[in-house]
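Since the structure comes first, as structure tokens, the remarks are kept for the end.
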Amino acid sequence: MTKQAMASEAMRAKYEPVIGLEVHAQLKTNTKIFCACATTFGTAPNSQVCPVCLGLPGVLPVLNERAVTFAVMAGLAVGATIHPRSIFARKNYFYPDLPKGYQISQYDRPLCEGGSIDIHAEEVRKRIGLVRIHLEEDAGKSLHPEGKEGVSTTRVDLNRAGVPLIEIVSEPDLRSGVEAYHYLTKLKQILVYLDVCDGNMEEGSLRCDANVSVRPRGQAAFGTRTEIKNLNSFRYVEKAIAYEIDRQIALIESGGRVVQETLLWDSARGVAETLRSKEEAHDYRYFPEPDLLPVDLEVAWVEGLRATLPELPDALRERLVREQGIPEYDAEVLTETRALASYYEEVAARSGQPKLASNWIMTEVNAVRNKTGDSIESFPVRADRLGDLVAMVANGRVSGKIAKQLFELMLTSPDGPEALVQKHGLLPIEDDAALRALAREVLAANPGPAAEFRAGKEKTFAFLVGQAMKQSRGRAHPEKLQAALRAVLTEEPA
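Pasting the structure below:
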């Protein structure tokens with residue numbers, strides 16, 4: 021499939037895109053879903069396999085209880101119905117990296133059904149419905165290294181075969197690539213808050229397939245859909261959907277018709293290419309997995325899990341705005357991860373200054389993290405020390421300028437701000453005699469502006485204050501310094 025001409029704005033206005041997403045999230049279990057093999061990323065190929073995940077004859081799968089627990093937690097977090105009984109099925113198809121020739125999944129009786137995710141995209145808030153969340157095993161991975169004389173070869177690594185996944189299927193409620201991006205961002209945030217998935221797209225922990233169709237505006241029936249497979253970047257999802265919407269509109273407008281097929285996104289060229297014709301459910305010949313019993317859940321167990329769920333992002337943001345009095349934008353930034361939210365709450369509690377704590381984290385802390393790539397968990401200035409620094413600023417112990425110097429020192433020193441103030445001679449100058457002496461030095465060094473002020477040119481006073489603060493290396497108490505300067509200028513001879 022070659023690169024398409026872009027659909028015009030007039031063309032786009034005639035059609036409504038309809039998008040549904042299927043997200044595969046790897047669960048944070050130590051072992052695979054039906055055997056005891058490890059799920060560690062990056063190990064030598066085919067080093068984490070056994071007769072069960074290799075699909076050898078005569079072996080039986082044993083369900084990983086932790087995988088069920090994590091899947092139920094995800095369902096509860098999005099308001100899904102948790103079915104007391106669900107059934108595994110065999111999904112039959114041939115891939116070189118699918119050793120059994122079928123994938124153990126769930127079909128007509130999934131673990132979780134319904135639910136929704138709220139998003140805020142393009143100034144619009146909307147609720148995206150979910151069809152289902154079900155458990156399944158992952159396939160292996162085909163690698164295509166270049167062999168001798170530039171000939172490509174295929175190698176199969178089965179370490180991923182049997183890794184536990186949940187598939188989260190949305191309703192076709194999305195209408196643009198931008199909405200899809202925000203939906204995926206929100207979904208990932210929820211899964212990471214729950215600590216059931218690490219969300220690492222580079223390692224394949226989160227993958228997305230997008231179903232895209234267009235229909236004339238006002239038409240109820242869906243158009244023919246295509247599926248874009250294995251997108252491992254939210255921005256690629258956004259771009260691929262935008263491309264496919266334009267392609268379908270331009271195709272229909274030129275008199276062609278959309279064919280139901282599966283596409284692969286080429287991020288380097290910015291195009292989607294045909295992989296195969298789109299399969300339907302009957303192509304997979306689903307039937308109940310004969311080697312696994314139904315999954316029966318007790319209501320008390322499910323409710324016990326509900327009681328242990330952490331505070332989720334939306335609820336946490338609302339609480340921070342309500343209790344700490346910070347703006348919604350601040351709350352949005354500070355709840356990006358659970359760890360960052362906990363860091364903020366400790367700084368705010370330690371300093372007693374919620375808004376000032378927010379300012380410091382959003383400016384100083386995040387500026388450093390953006391440069392270094394540090395997570396908040398590995399950030400060198402722990403919350404207790406930053407809280408002490410914010411408190412020192414709030415009570416006037418140090419000026420903002422000195423506080424920033426202390427912060428820089430704290431990035432490489434384990435000492436607290438009070439110890440660093442003493443160690444580096446950064447104690448504030450507040451003594452009236454010392455401030456007057458500093459004022460005399462500055463006026464002697466700047467006789468012209470001093471004379472102008474005495475002659476009635478008030479605006480030169482700000483310049484003299486700036487010079488005095490510079491002379492004190494930011495240590496002088498600003499209000500007391502200004503008072504000392506005025507006193508020397510008006511009370512003492514020139």
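Taken in order, the sequence shown gives residues 21 to 514; the numbers are from this note's numbering.
Ideal placement from N, C-alpha and C gives every residue a C-beta, glycine not left out.
Residues of its chain near residue i, where Cβ-Cβ distance is below 6 Å and the 5 sequence neighbours each way are ignored
i, result
"Arg277", "none"
"Thr22", "Caution applies to Thr22, whose pLDDT of 47 falls short of 50 and renders its modelled position unreliable; the model cannot decide the point."
"Asn250", "Arg227"
"His164", "Ser172, Thr174"
"Leu74", "Pro119"
"Ala45", "Ile186, Leu211, Cys217, Leu226"
"Asp158", "Arg180, Val183, Leu185"
"Pro104", "Leu317"
Opening and closing residue of the alpha helix (DSSP H) in which residue i lies
i, result
"Asp334", "333-339"
"Ala459", "452-465"
"Ala45", "Segment 35-46 is the beta strand (DSSP E) holding Ala45; no alpha helix (DSSP H) there."
"Lys421", "420-430"
"Val176", "No alpha helix (DSSP H) holds Val176; the beta strand (DSSP E) holding it covers 175-177."
"Ser378", "374-380"
"Glu187", "First-last for Glu187: 184-190, but that is the beta strand (DSSP E), not the alpha helix (DSSP H)."
"Val485", "480-491"
"Lys391", "386-392"
"Val82", "Per DSSP, Val82 belongs to no alpha helix (DSSP H) and is neither H nor E."
Beta carbon of residue i nearer than 8 Å to that of residue j
i, j, result
"Val508", "Gln487", "no"
"Val232", "Thr246", "yes"
"Leu155", "Leu178", "no"
"Val367", "Ala351", "no"
"Ala200", "Ile39", "yes"
"Leu426", "Leu409", "yes"
"Leu271", "Leu284", "no"
"Ile248", "Ala262", "no"
"Pro184", "Ala87", "yes"
"Thr355", "Leu336", "yes"
"Ser378", "Gly407", "no"
"Lys490", "Leu455", "no"
"Pro498", "Ser398", "no"
"His202", "Ala141", "yes"
"Ile422", "Leu440", "no"
"Pro81", "Val72", "yes"
"Asn66", "Ala58", "no"
Local conformation of residue i per DSSP, three classes
i, result
"Ser362", "helix"
"Met21", "In this prediction, Met21 has a pLDDT of 45, which is less than 50 and means its spatial position is unreliable; what the coordinates show is noted afterwards. Here Met21 sits in coil by DSSP."
"Gly163", "One detail in the question is off: residue 163 reads as Leu in this sequence, not Gly. Reduced to three states, the DSSP call for Leu163 is strand."
"Val232", "strand"
"Tyr122", "strand"
"Ala403", "helix"
"Ala292", "strand"
"His444", "coil"
"Leu505", "helix"
"Ala51", "The sequence shown places Thr at residue 51, rather than the Ala named in the question. Looking at Thr51 - three-state DSSP - the assignment turns out to be strand."
"Glu133", "strand"
"Ser395", "coil"
"Lys500", "helix"
"Leu211", "helix"
"Ala58", "strand"
"Leu354", "helix"
"Leu409", "helix"
"Gly324", "helix"
Limits of the beta strand (DSSP E) - the one that residue i falls within
i, result
"Lys263", "Here residue 263 turns out to be Tyr, not Lys, going by the sequence shown. Run containing Tyr263: none in the beta strand (DSSP E); it sits in the alpha helix (DSSP H), 254-273."
"Gly283", "Note that residue 283 corresponds to Leu in the displayed sequence, not to Gly. Where Leu283 is concerned, the enclosing beta strand (DSSP E) stretches over 281-286."
"Leu251", "246-251"
Bridge-paired residues (DSSP) for residue i
i, result
"Ser106", "Val315"
"Phe307", "Arg110"
"Arg145", "His140"
"Ser297", "Glu281"
"Thr227", "Here residue 227 is Arg; the residue named in the question, Thr, does not match the sequence. In DSSP, Arg227 forms a bridge with His44."
"His202", "Note: His202 sits in no beta bridge, so no partner."
"Arg152", "Glu133, Val189"
"Thr101", "Glu133"
"Ser172", "Glu166"
"Leu96", "DSSP lists no partner for Leu96."
"Glu157", "Pro184"
"Leu194", "Ile39"
Own chain residues within Cβ distance below 7 Å of residue i, not counting five before or after
i, result
"Tyr469", "Position check: residue 469 holds Pro in this sequence, whereas Tyr was assumed. Around Pro469: Thr480, Phe483, Leu484."
"Ser136", "Val98, Gly99, Arg147, Ile148, Gly149, Leu150"
"Tyr35", "Val234, Arg235, Pro236, Arg237, Ile269"
"Val322", "Val92, Ile102"
"Leu505", "Ala459, Leu484, Val485, Ala488"
"Tyr213", "Pro330, Leu332, Pro333, Arg358"
"Gln209", "Pro333"
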